[in-house]
Structures are given as structure tokens and as C-alpha cells.
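Visitor: Once you've had a glance at the structure underneath, I'll fire off some questions.
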Amino acid sequence: EAGVVQSPRYKIIEKKQPVAFWCNPISGHNTLYWYLQNLGQGPELLIRYENEEAVDDSQLPKDRFSAERLKGVDSTLKIQPAELGDSAVYLCASSPQGTDTQYFGPGTRLTVL
Amino acid sequence: EDQVTQSPEALRLQEGESSSLNCSYTVSGLRGLFWYRQDPGKGPEFLFTLYSAGEEKEKERLKATLTKKESFLHITAPKPEDSATYLCAVRANNNDMRFGAGTRLTVKP
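Just so you know, the protein sequences line up as chains B and R, in that order. For the first sequence, the tail end lands on 113 under the numbering used here, and the numbers increase by one without skipping. For the second sequence, the tail end lands on 222 under the numbering used here, and the numbers increase by one without skipping.
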């Protein structure tokens with residue numbers, strides 16, 4: 001079974017530019033998470049989806065971050081405009097319905113110059 | 114506010130030298146405590162879920178235990194391939210999910 005797929009794996013942009021990350025969860029997993037992970041720290045939740053609905057976006061900086069999960073499968077996380085402090089690894093994870101076990105993708109490493 | 118504190122931050126062991134990693138937590142109603150392993154450049158890999166005090170789970174050289182205030186990840190006779198960062202996370206009854214900063218384990222041959 002294929003795992004969680006994320007792209008791109010690496011992205012380097014200049015500040016004030018927009019950037020987007022894509023996630024394809026494990027087939028059949030209805031819960032999808034986006035996390036941010038800084039070096040030497042644990043992941044921090046940005047947003048959680050149950051199917052198409054964003055059920056927890058309390059930690060998403062809505063002035064510059066947005067996310068969507070059309071059709072309840074793939075998801076896109078966008079930052080516009082990016083700031084230097086946004087440099088981090090952005091992780092996507094998914095869970096099957098009725099479980100708390102999260103399966104993570106490899107992440108996208110963002111560098112903002 | 115829910116908190117997760119892991120100790121030590123880093124641990125160096127000789128191959129075969131058993132030890133334990135600690136995860137202390139405060140949460141308003143524990144729904145579950147999770148252990149993950151993370152290798153450099155990769156996403157976290159699920160190891161265990163513990164739901165109630167007294168519960169124990171084992172997998173190869175790893176054993177996770179849970180009390181009302183903390184969890185331990187015991188590593189018995191570790192091998193160099195066990196070197197990784199081990200992350201602890203708690204999920205509250207309100208679905209709030211919080212990770213610790215991790216323990217970076219190095220096992221020398």
C-alpha cells in the first residue's frame with residue numbers, strides 16, 4: 001500500500017513570494033492533517049480535515065496561510081506571502097476513520113530567503 | 114494548557130546498553146498517548162498508542178508504558194539501527210494533539 005505522498009520535497013523561495021504544498025493521503029483515510037515542524041522540535045498542528053471539512057484550524061495563521069481539501073482526498077496548503085520565519089518542514093499525515101493512528105508523509109522542506 | 118515534555122533531549126548509548134526515554138504530560142482528559150520514531154529527512158513513523166494508565170505495548174527491542182503523568186519508552190539491548198529521534202504525543206478528549214520536542218537517540222557500535 002502506498003504511503004502518504006507529498007510534493008515537492010524541497011522548495012526554496014524568496015520572501016514575499018507565494019508557495020504551495022500538495023498532499024495525497026493513504027487511500028481510504030478520511031482524516032488529513034497538516035503540521036509544521038521546526039528544527040529540533042516536534043510537529044505542530046496547523047489544520048485537521050475530516051473528509052472535506054476543516055474541523056480544527058485554530059492554529060492556522062489565516063492572514064497568510066490557506067488550505068483546501070476538495071473532494072475529501074488530496075489537499076493543498078498555501079502560504080502567501082511567505083516570510084523568513086516560515087522556513088520549516090511541512091508534514092502531512094492521514095488517519096483511517098475511527099482511529100487515532102496517524103501516518104505521515106516525508107514532508108516538504110521550505111527555505112525562505 | 115496541554116503540555117508534553119520529553120527527556121533527555123539527547124541520549125548516547127553503546128550497543129547493548131539498555132535505557133529509557135521519558136515523556137511527561139499534562140492534559141485535560143487523555144484520549145491517547147503516542148510514540149513515533151523519526152529518522153533524519155523523513156516523517157514520523159508510528160510505534161505505539163497507549164490509552165490508560167498501566168497499559169504496556171512491546172515491539173522488538175522497544176516497550177512503552179503509561180502512568181497518569183508520564184510514559185516511558187524502554188529500549189532493551191539497542192542496536193545502531195535504533196538511532197533516531199523518538200517523539201511522544203498526546204491527544205486530549207477535545208481532540209487537541211500535542212507533540213513533545215523529542216529525544217535524539219544515538220547508539221554506537
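Cβ coordinates follow ideal geometry from the N, Cα and C atoms, glycine included.
On the premise that R/Leu146 lies in contact with R/Leu218, defined as a C-beta separation below 8 Å, what is that separation, rounded to the nearest angstrom?
Guide: Within the second sequence, the letter at position 105 stands for residue 218 of chain R. Within the second sequence, the letter at position 33 stands for residue 146 of chain R. Their Cβ separation, rounded to whole angstroms, is 19 Å, which puts R/Leu218 and R/Leu146 out of contact at 8 Å.
Visitor: Would you identify the three-state DSSP class for B/Glu50, choosing helix, strand or coil?
Guide: Stepping through the first sequence from its first residue, residue 50 of chain B is reached at position 50. Reduced to three states, the DSSP call for B/Glu50 is strand.
Visitor: For R/Ser141, count neighbouring C-beta atoms within 10 Å of its own C-beta (all shown protein chains included) and say buried if the count is 16 or more, exposed if not.
Guide: Counting from 1 along the second sequence, the entry for residue 141 of chain R is found at position 28. The residue in question, R/Ser141, is exposed, as its Cβ has fewer than 16 Cβ neighbours within 10 Å.
Visitor: Taking the alpha carbon of R/Thr162 as the point to measure from, which residue in R/Lys181, R/Thr198 and R/Val203 has its own alpha carbon closest?
Guide: As a working mapping, residue 162 of chain R is identified with position 49 in the second sequence. Here the closest residue by C-alpha is R/Val203.
Visitor: I want to see whether chain R comes within less than 8 Å of B/Asp100, judged by CB atoms only; does it?
Guide: As a first step, residue 100 of chain B is located in the first sequence; it is residue number 100 there, counting from the start. Interface residue, yes.
Visitor: Apart from the five residues just before and just after R/Met210, which ones in its own chain have a Cβ nearer than 8 Å to its Cβ?
Guide: Numbered from its first residue, the second sequence carries residue 210 of chain R at position 97. Result list for R/Met210: Ala202, Val203 and Arg204, in chain order.
Visitor: Using C-beta distances below 8 Å, list every residue in its chain close to R/Pro191, excluding the 5 sequence neighbours before and after it, in chain order.
Guide: Position 78 of the second sequence, counted from the start, is the residue given in the question as residue 191 of chain R. Answer for R/Pro191: Leu126, Glu128, Gly129, Glu130, Ser131, Ser132, Arg174, Leu218 and Val220, listed in chain order.
Visitor: B/Tyr49 CB to nearest chain R CB: under 8 Å?
Guide: Numbered from 1 along the first sequence, position 49 holds the residue referred to as residue 49 of chain B. B/Tyr49 does not count as touching chain R.
Visitor: Which parts of the stretch 154-206 of chain R are runs of the beta strand (DSSP E), unbroken and 3 residues or longer, counting only runs that do not cross its ends?
Guide: 158-163, 169-172, 175-179, 183-188 and 197-205
Visitor: Counting Cβ pairs, one atom from each stretch, are 3 or more of them under 8 Å apart for the stretch 6-22 of chain B and the stretch 71-89 of chain B?
Guide: Per the Cβ contact rule, the stretch 6-22 of chain B is in contact with the stretch 71-89 of chain B (3 or more Cβ pairs under 8 Å).
Visitor: Can you give the Cα-Cα distance for R/Tyr164 and B/Leu32, rounded to whole angstroms?
Guide: As a first step, residue 164 of chain R is located in the second sequence; it is residue number 51 there, counting from the start. As a first step, residue 32 of chain B is located in the first sequence; it is residue number 32 there, counting from the start. In this model, R/Tyr164 and B/Leu32 are separated by some 22 Å (Cα to Cα).
Visitor: Which residue's Cα is closest to the Cα of R/Pro138: R/Arg144, R/Gly154, R/Glu168 and R/Glu183?
Guide: Translated into the one-based positions of the second sequence, residue 138 of chain R becomes position 25. Here residue 138 of chain R is Tyr; the residue named in the question, Pro, does not match the sequence. Ranking R/Arg144, R/Gly154, R/Glu168 and R/Glu183 by Cα distance to R/Tyr138 puts R/Glu183 first.
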